[in-house]
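J.: Provided herewith is a single structure, encoded as structure tokens, for subsequent inquiry.
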Amino acid sequence: MKSPFTLSILSEKAICIFLNKKIGLEAHEEVLKIKKSLKSQNWPWLVETVPSYNSISIFVDFSFYNSNTSLLTFFENWFSENVMDEFDSNFQESILKQIPIKYDGIDLDYVSNYCKLSVNEFVALYSKTIYTVAMIGFLPGFPYLLGMDERLFVPRKNTPRLKVAKGSVGIGGFQTGVYPSESPGGWQIIGTTALELFDLEKLSYLSIGDKVTFKPI
Amino acid sequence: MKILKKGVLSTFQDQGRFGYQSVGVNTGGAMDSLALRLLNIILGNHSNEAALEIHFPGPHIEFEESCIFAITGADFNATLNEKLLTKNKIYQAKSGDYLVFKHKLNGERLYFGVKGGFEISDWLHSKSTNAQLNFPEFSQIIALRNKCELENSQVNYGVSFDYDFVDKKIRFVPSFEFDELDIESKDSLLNSEFLITKDSNRMGYRLSGEPLALLQNKEMVSASVTKGTIQLLPDGQLIVLMADAQVSGGYPKLGFVIEKDVSKLSQLGFQSKIEFEMISYELAVEIMLQTEKTFNLINKSLKLCEKEN
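These protein sequence lines are chains A and B, in that order.
Residue numbers for the first sequence follow my numbering, beginning at 1 and rising by one.
Residue numbers for the second sequence follow my numbering, beginning at 218 and rising by one.
Rendered as structure tokens:
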């Protein structure tokens, strides 16, 4: 049987656990269960865990090596003792958040055409989905959303734009997300939101695991 | 202390901002974290104290009070009131003294710090400037926490700690998609030279060399990356992620440059050539532990010098 996960060393002080599973809600919920389980260990050397779609990276500090010799050995043992099924199954209810969206993106016509849909059909399909925040990365507060309708998958632009405006809602392959600040970027822009996604004090408006819908305005 | 001219790319950096990668805030921190570590040992500061990371041309600094300072990392012919300074050594500055950097001799990044540290604002437990948010903002007038003077009896021992700029070897540990490289690519990675291109900065070093390829194109999904990660770009070229790396990346990863050699790499500039040497994870850990030991020894010997005087 294929092992349910693969461990890869990311640096002297980080290791990545990759689930050998199809990208989707199931894989992501498993990632969040592992995160919770890791956190509950209260290891003094654990710095942080960074989840993604189907993997989670564990960052440690130097003191890990005061009592251990290898991240690989340590986590191979830990995972074999903590079989996936045993990870806490009382998974907490996610929070549903709404993002107001104006479908005025510069690539909306191109994207609808690519999907062989009318703009109205495209907008209806995009708005009806409940998305899950799979990871936050690229920029502070940038959510990578899971769950987009397969009919809306559009490859990212061949040449990234030097400037994508703050609040732009974009599609990159099977992923969709929102630029919380102006930045270079290669995703197809379908709309904009006025919602602030990152604040220096409150940090990210969205958290990994949150459910999100887009409300047309 | 007043920074009269900012210089190119000067930022305050400590060892980085940890704990916020899952909200997309990258760690940042000093490019040459070992040089910063050494600086804080020499000054007797906390190991995570922030220093000014300086590139050439450097800033012009005027002291407004007495303090003890030191410089580590690159060699930019630093002078205090026209008197040439040596790196890895402590100096006394008095009000009105003037620190400038005259020529670029060796290395790319110099660290300038004061005993007791700079009075600068922090954000999320770190004083490093987050490049994506440009926050905390750079300030040109900085108060010092400690207005101290060197005692006459204090002997000024310089610390011997240097880079081997002649040796072009950068050691890495293979991981992730390394085994999926085709045979020619593995051979090129291990046996040919790579040039550091001008598109290299605090985010990453873009290299130019024989294009590499995986045996099979692979559908990649964004996942966590960090300082030292070696990524394979679609055109077959490599990028080594540095201190300002984003928290996630979607390119195949071939492994990571070991901590000690990330510091060395950060002191190499455009047009420098490097060669990769593959080592095991176990050896990488051993090198890290050895470096730690060296720092502890330097720390102990400096404390001993202070006591004897």
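Using N, Cα and C, we set each Cβ at its ideal position, and we do this for glycine too.
Can you name the residues that DSSP bridges to Met135(A)?
T.: By 1-based counting over the first sequence, the position of residue 135(A) is 135. According to DSSP, Met135(A) bridges with Tyr144(A).
J.: Under DSSP, the alpha helix (DSSP H) around Val50(A) begins and ends at which residues?
T.: The residue given as residue 50(A) occupies position 50 in the first sequence. Per DSSP, Val50(A) belongs to no alpha helix (DSSP H); it is in the beta strand (DSSP E), 46-51.
J.: In the DSSP assignment, find the alpha helix (DSSP H) that holds Ile475(B) and state where it starts and stops.
T.: Indexing the second sequence from 1 puts residue 475(B) at position 258. No alpha helix (DSSP H) holds Ile475(B); DSSP gives it neither H nor E.
J.: Can you name the residues that DSSP bridges to His272(B)?
T.: In the second sequence, residue 272(B) corresponds to position 55, counting from 1. According to DSSP, which records beta bridges pairwise, His272(B) is partnered with nothing at all.
J.: Return the Cβ separation of Thr192(A) and Val164(A) in integer angstroms, given the expectation that the two are a contact with Cβ distance under 8 Å.
T.: On the first sequence, position 192 is the one that residue 192(A) refers to. On the first sequence, position 164 is the one that residue 164(A) refers to. Not confirmed; about 10 Å, so no contact.
J.: Measuring CB to CB, does Glu397(B) end up less than 8 Å from Lys435(B)?
T.: The count along the second sequence starts at 1 and reaches residue 397(B) at position 180. The count along the second sequence starts at 1 and reaches residue 435(B) at position 218. Yes, they are a contact pair.
J.: Three or more C-beta pairs under 8 Å: does that hold for the stretch 15-35 of chain A against the stretch 100-110 of chain A?
T.: No, the stretch 15-35 of chain A does not touch the stretch 100-110 of chain A.
J.: List, in chain order, every chain A residue whose beta-carbon is nearer than 7 Å to that of Leu350(B).
T.: The residue labelled residue 350(B) in the question sits at position 133 within the second sequence. Pro140, listed in chain order.
J.: For Val50(A), go through chain B and note every residue whose CB falls closer than 7 Å to its CB, in chain order.
T.: Position 50 of the first sequence, counted from the start, is the residue given in the question as residue 50(A). Simply Gln238, Ser239, Ser441, Val464.
J.: Touching or not, the stretch 284-297 of chain B and the stretch 224-236 of chain B, by the rule of three or more beta carbon pairs under 8 Å?
T.: No: fewer than three Cβ pairs fall under 8 Å.
J.: Counting beta carbon pairs with one atom in the stretch 123-130 of chain A and one in the stretch 197-205 of chain A, are three or more of them shorter than 8 Å?
T.: No contact exists between the stretch 197-205 of chain A and the stretch 123-130 of chain A.
J.: Could you check what DSSP says for Lys219(B) in three-state terms: helix, strand or coil?
T.: Position 2 of the second sequence, counted from the start, is the residue given in the question as residue 219(B). The answer is strand: DSSP assigns Lys219(B) an E or B state.
J.: What does Ile208(A) reach in chain B if we use C-beta pairs closer than 8 Å?
T.: Counted from its first residue, the first sequence places residue 208(A) at position 208. Under the 8 Å cutoff, chain B gives Ser239.
J.: Check whether the Cβ of Lys520(B) sits closer than 7 Å to any heavy atom of the ligand GDP, and report yes or no.
T.: Ligands in the displayed structure: none, and consequently the ligand GDP is not present.
J.: Which full runs of the beta strand (DSSP E) of 3+ residues lie inside the stretch 376-426 of chain B, going along the chain?
T.: Taking only runs of at least 3 residues, the beta strand (DSSP E) segments lying wholly in the stretch 376-426 of chain B are 386-391, 410-413, 421-425.
J.: Could you list the residues in the stretch 444-455 of chain B with a C-beta less than 9 Å from some C-beta on chain A, going in chain order?
T.: Going along the stretch 444-455 of chain B in chain order, one finds Lys444, Gly445, Thr446 with a Cβ nearer than 9 Å to chain A.
J.: Examine the Cβ distances between the stretch 274-285 of chain B and the stretch 249-257 of chain B and report whether three or more of them are shorter than 8 Å.
T.: Contact fails: fewer than three Cβ-Cβ distances are below 8 Å.
J.: Given 8 Å as the limit, is there contact between the stretch 409-429 of chain B and the stretch 458-469 of chain B, that is, 3 or more CB pairs closer than that?
T.: Counting Cβ pairs under 8 Å, three or more are found: they touch.
J.: Interface residues of chain A around Ala310(B) at Cβ under 9 Å?
T.: Residue mapping note: residue 310(B) aligns to position 93 of the second sequence, counting from 1. The premise fails here: Ala310(B) is roughly 33 Å from chain A at the closest Cβ pair, so nothing lies under 9 Å.
J.: Identify which residue in Leu432(B), Leu431(B), Leu471(B), Ser439(B) has its Cα closest to the Cα of Gly445(B).
T.: The residue given as residue 445(B) occupies position 228 in the second sequence. Of the candidates Leu432(B), Leu431(B), Leu471(B), Ser439(B), the one whose C-alpha sits nearest the C-alpha of Gly445(B) is Leu471(B).
J.: Just tell me which of Val50(A), Ile34(A), Trp45(A) has its CA closest to the CA of Asn243(B).
T.: Stepping through the second sequence from its first residue, residue 243(B) is reached at position 26. Considering only alpha carbons, the answer is Val50(A).
J.: Interface residues of chain A around Tyr538(B) at Cβ under 9 Å?
T.: Because residue 538(B) is not part of the residues shown, which for chain B are 218 to 526, the question remains open.
J.: Examine chain B for any beta-carbon lying closer than 8 Å to the beta-carbon of Cys115(A), and answer yes or no.
T.: In the first sequence, counting from the first residue as 1, residue 115(A) sits at position 115. Chain B contact via Cβ: absent.
J.: With a cut-off of 8 Å on the beta carbons, I'd call Ser465(B) and Phe138(A) a contact; round off their distance for me.
T.: Locating residue 465(B) in the second sequence gives position 248, where the first residue counts as 1. Locating residue 138(A) in the first sequence gives position 138, where the first residue counts as 1. Right, their Cβ atoms sit about 6 Å apart.
J.: Hey, which unbroken runs of the beta strand (DSSP E) at 3 residues or more fall wholly within the stretch 257-305 of chain B?
T.: Taking only runs of at least 3 residues, the beta strand (DSSP E) segments lying wholly in the stretch 257-305 of chain B are 268-271, 277-279, 284-292, 295-297.
J.: Please tell me whether Phe229(B) and Ile337(B) are closer than 8 Å, where the distance is taken between their beta carbons.
T.: The count along the second sequence starts at 1 and reaches residue 229(B) at position 12. The count along the second sequence starts at 1 and reaches residue 337(B) at position 120. Contact: yes.
J.: For Gly141(A), which residues of its own chain have a beta-carbon under 6 Å away from its beta-carbon, when the five flanking residues on both sides are left out?
T.: Translated into positions along the first sequence, residue 141(A) becomes position 141. Taken in chain order, the residues that qualify are Pro180, Leu197, Phe198, Ser204.
J.: Check each candidate in Ala440(B), Ile387(B), Gly453(B) and name the one with the smallest Cα separation from Ser57(A).
T.: Counting from 1 along the first sequence, the entry for residue 57(A) is found at position 57. Among Ala440(B), Ile387(B), Gly453(B), the Cα nearest to that of Ser57(A) is on Ala440(B).
J.: Hey, does Ala460(B) have any beta-carbon neighbour from chain A nearer than 8 Å?
T.: Locating residue 460(B) in the second sequence gives position 243, where the first residue counts as 1. No, no contact with chain A.
J.: Glu266(B): which of Lys223(B), Lys321(B), Ile285(B), Phe335(B) sits nearest, CA to CA?
T.: Walking along the second sequence from the start, residue 266(B) turns up at place 49. Nearest option by C-alpha distance: Phe335(B).
J.: Taking the CB atoms as reference points, tell me whether Glu281(B) and Ser312(B) lie closer together than 8 Å.
T.: For the purposes of this step, residue 281(B) is taken as residue 64 along the second sequence, with counting starting at 1. For the purposes of this step, residue 312(B) is taken as residue 95 along the second sequence, with counting starting at 1. Closer than 8 Å, so yes.
J.: Quick one, which of Glu427(B), Leu506(B), Gln349(B), Ser392(B) has its alpha-carbon nearest Ser63(A)'s?
T.: Against the first sequence, residue 63(A) aligns to sequence position 63. Selected option, being the one with the closest Cα: Leu506(B).
J.: So, at 8 Å on beta carbons, what are the nonlocal neighbours of Arg151(A) in its own chain, with the 5 sequence-adjacent residues on each side left out?
T.: In the first sequence, residue 151(A) corresponds to position 151, counting from 1. If we look at Arg151(A) and ignore the five residues flanking it on each side, its Cβ neighbours are Cys115, Leu117, Leu125.
J.: What residue does the alpha helix (DSSP H) around Ser67(A) start on, and which one ends it?
T.: Counting from one through the first sequence, the residue named residue 67(A) turns up at place 67. 64-67 is the span of the alpha helix (DSSP H), which, as asked, contains Ser67(A).
J.: Would you kindly report the start and end of the unbroken alpha helix (DSSP H) that includes Glu81(A)?
T.: Within the first sequence, numbered from 1, the residue matching residue 81(A) stands at position 81. Where Glu81(A) is concerned, the enclosing alpha helix (DSSP H) stretches over 71-81.
J.: Could you spell out where the alpha helix (DSSP H) holding Ala310(B) opens and where it closes?
T.: Within the second sequence, numbered from 1, the residue matching residue 310(B) stands at position 93. Careful: Ala310(B) lies outside any alpha helix (DSSP H), inside the beta strand (DSSP E) at 307-310.
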